[in-house]
Amino acid sequence: ILDRVRNKALHAKIVSAQEAAELIKPGMNVGTSGFTPSGYPKAVPLALAERMKEHPFKINLYTGASVGPELDGALCEVNGIDKRMPYQTNKLLRTLINSGEISYSDLHLSESAQLLRYGFYGKLDVAIVEACAITEEGNIIPTTSMGNTASFVQQADMVIVEVNTSQPLELEGMHDVYVPLDPPHRLPIPIVKANDRIGTPYIPCTPDKIKCIVPCDITDKTRPFGEISEADHKMSEYIIELLQDEVKKGHMPKNLLPLQSGVGNVANAVISGFVDSDLKDLSVYTEVIQDGMFDLIDAGKLNFASGTALSPSPDGLKRFYENIKEYRKHLLLRPQEISNSPEVVRRIGVIAMNTAIECDIYGNVNSTHIMGTKMMNGIGGSGDFARNAYLTCFFTASTAKNGLISSIVPMCSHVDHTEHDVDIIVTEQGLADLRGLAPRERAREVINKCAHPDYKPMLMDYLERAEAATKHAQTPHIIKEALSWHEKFMETGSMK
Ligand code: 0RQ
């Protein structure tokens, strides 16, 4: 790694992962790089987990978002996490959150760095950062994600850098690092289009702040996508049809507005769906850059994608590395505070497309909690985009668990995105356009367009009885019955 550590004096700080892990003490607040299984540190967390196995202790772990198995997975296996923020997707971590072992702060991803800077998560003791290289000045060149790393480096008492030689040096120049000042000194974020550069291509740091440097060659453990299902295809078709119609009506320019799409199969199916459409000159202002976006670049339809992380499948990552010289002309990674900035999202008029666990008839959306109590993943960036986008869309299959659960319910068992934020709901049954509608009109649109035929009559019956019971109140509900569908599922295993 000597050629990647360009400040020769820093060569003296190169140590083993075990030596670096010794610096981390019980109860410390540790901030790491990483966003989705991309660009997270690997060697030091594995060594830390080994230490915890022999002498059990816990740390508080703050990241950009979810991270790979060498970090969340390894630390959970030794029960080494006390507090965790701001997002996760790890199975064991989820179990520990839902059994009360881990205190989990589920945060809007754009807000997590500033909440730390404001002091609500204590003083950051250590930042552990995966880097492609360190410059002569001590600045850090990140790898496949930006996340919260720049703020962690700024705030931490000491910085441990993992220089990962599996990450290509061509990543240098693909980042745009800008950390806003905090109120009352904050200035407008000067982004007016996806490809605007406003910061530095490195994370500002100094040689003395770098406590030690650890060589690592463990690769990002990105995850494969599932097969694109018939339902995913249908949802993709409905949304593309809507967008084409928006262009015809003059609501959007021919090349649309900047696209944002969440993680997972539906999101990837939707983006891939654009490849076969006649839409072109597209731009993306999003959080995660997935395989579908490489397809769009290859098809010559995507001019530019701004995000905070690459989150491709293993095949997608290989494809990115092999064609990095071409792809890097079209891609930029920013801190999540900027990629998800409400200010920028509102200004440039993003089309936000995220996935729901359940939606209610009035348009409220639950993205995080199963049956209102158990954490699935977290709100992630969905709220940053949903509240502020030009057009806010949510996708969900109309049923879950082989039809035993209706994803369209009288009342959401937990609300992440309110009726005031949601414009469009899409299931494989159809697309409900809630713009301009009042609650009782929205309910009919959602039931008629999105509910599964098995549940449609039950939902309509509920709505009509709720209207009668409340004498047509603004948002009719029979309070005693509103969550009875969930109660019934928990008691009988079916909402039917
Ligand atoms: O459970 O895994 O036990 O089978 O929920 O559901 O249908 O596989 O959908 O993987 O796309 O995840 C909202 C969780 C959807 C995700 C959510 C059960 C279902 C299954 C997963 P099993 P699917 P997906 C940018 C934006 C929030 C963060 C976000 C998410 C499991 O998209 O975390 O949007 N979003 N970030 O069986 C009970 C229901 C259910 C249900 C599904 N109605 N009731 N269980 N399930 N519907 C990304 C970032 O921020 C990084």
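The sequence shown begins at 7 in the numbering used here and counts up by one.
Cβ atoms here follow ideal geometry from the backbone N, Cα and C, with glycine treated the same way.
Assigned secondary structure, residue i (DSSP; H/G/I helix, E/B strand, else coil)
i: Gly-298; result: helix
i: Phe-400; result: strand
i: Lys-255; result: coil
i: His-191; result: coil
i: Ser-319; result: coil
i: Asn-394; result: helix
i: Gln-266; result: strand
i: Cys-138; result: coil
i: Val-272; result: helix
i: Leu-339; result: strand
i: Leu-115; result: helix
i: Thr-498; result: helix
i: Met-34; result: coil
i: Met-464; result: helix
i: Lys-455; result: helix
i: Ala-71; result: coil
i: Ile-246; result: helix
i: Ala-102; result: Note that residue 102 corresponds to Leu in the displayed sequence, not to Ala. Three-state DSSP puts Leu-102 in a helix.
i: Ser-22; result: coil
i: Arg-10; result: helix
i: Pro-47; result: coil
Heavy atom of the ligand 0RQ within 7 Å of residue i beta-carbon
i: Lys-407; result: yes
i: Val-272; result: yes
i: Ser-151; result: no
i: Asn-360; result: yes
i: Thr-155; result: no
i: Thr-228; result: no
i: Val-253; result: no
i: Met-381; result: no
i: Glu-293; result: yes
i: Glu-25; result: no
i: Ser-413; result: yes
i: Ile-385; result: yes
i: Thr-374; result: yes
i: Thr-476; result: no
i: Ile-363; result: yes
i: Leu-115; result: yes
i: Val-269; result: yes
i: Tyr-93; result: yes
i: Ser-500; result: no
i: Ala-119; result: no
i: Thr-42; result: yes
i: Ala-457; result: no
Pairwise C-alpha distance: residue j and residue i
i: Ser-109; j: Ser-116; result: 20 Å
i: Val-253; j: His-336; result: 24 Å
i: Glu-364; j: Leu-397; result: 19 Å
i: Glu-328; j: Val-169; result: 21 Å
i: Asp-467; j: Lys-59; result: 56 Å
i: Gly-313; j: Ile-204; result: 14 Å
i: Ile-385; j: Lys-14; result: 43 Å
i: Leu-323; j: Thr-206; result: 25 Å
i: Leu-489; j: Glu-83; result: 36 Å
i: Asp-131; j: Asn-35; result: 5 Å
i: Ile-197; j: His-181; result: 15 Å
i: Met-417; j: Gly-153; result: 34 Å
i: Ser-319; j: Pro-92; result: 23 Å
i: Gly-455; j: Asn-96; result: Position check: residue 455 holds Lys in this sequence, whereas Gly was assumed. Their backbone Cα atoms lie some 34 Å apart in a straight line.
i: Pro-445; j: Ala-162; result: 47 Å
i: Val-276; j: Cys-399; result: 12 Å
i: Asp-238; j: Ser-412; result: 17 Å
Residues near residue i by beta carbon distance below 8 Å, same chain, minus five either side
i: Ile-7; result: Ile-20, Val-169, Thr-171, Ile-219, Pro-221
i: Thr-374; result: Asp-112, Ile-363, Met-381, Met-382, Asn-383, Gly-384, Ile-385, His-420, Asp-422
i: Cys-138; result: Arg-10, Ile-147, Pro-148, Thr-149, Val-169, Asn-170, Gln-173, Pro-174, Leu-175, Leu-177, Glu-178
i: Tyr-333; result: Phe-300, Ile-303, Phe-326
i: Leu-102; result: Cys-82, Asn-85, Ile-87, Ile-108
i: Tyr-244; result: Val-432, Gly-436, Leu-437
Nonlocal neighbours in the same chain, by C-beta distance under 6 Å from residue i, ignoring five residues either side
i: Thr-476; result: Pro-482
i: Lys-48; result: Glu-76, Cys-222, Ile-224
i: Leu-81; result: Ala-55, Ile-87
i: Glu-473; result: Pro-482
i: Phe-310; result: Ala-200, Asn-201, Ser-289, His-336
i: Ala-315; result: Phe-41, Thr-42, Ser-44, Ser-151, Val-294
i: Leu-67; result: Val-36, Ile-87, Arg-90
i: Val-73; result: Gly-40, Tyr-46
Sequence-distant residues of its chain with Cβ nearer than 7 Å to residue i (five each side left out)
i: Val-356; result: Leu-263, Pro-264, Gln-266, Tyr-291, Phe-391, Ala-395, Tyr-396
i: Gly-378; result: Ser-419, His-420, His-492
i: Glu-233; result: none
i: His-61; result: none
i: Ala-27; result: Val-50, Ala-53, Leu-54, Arg-57
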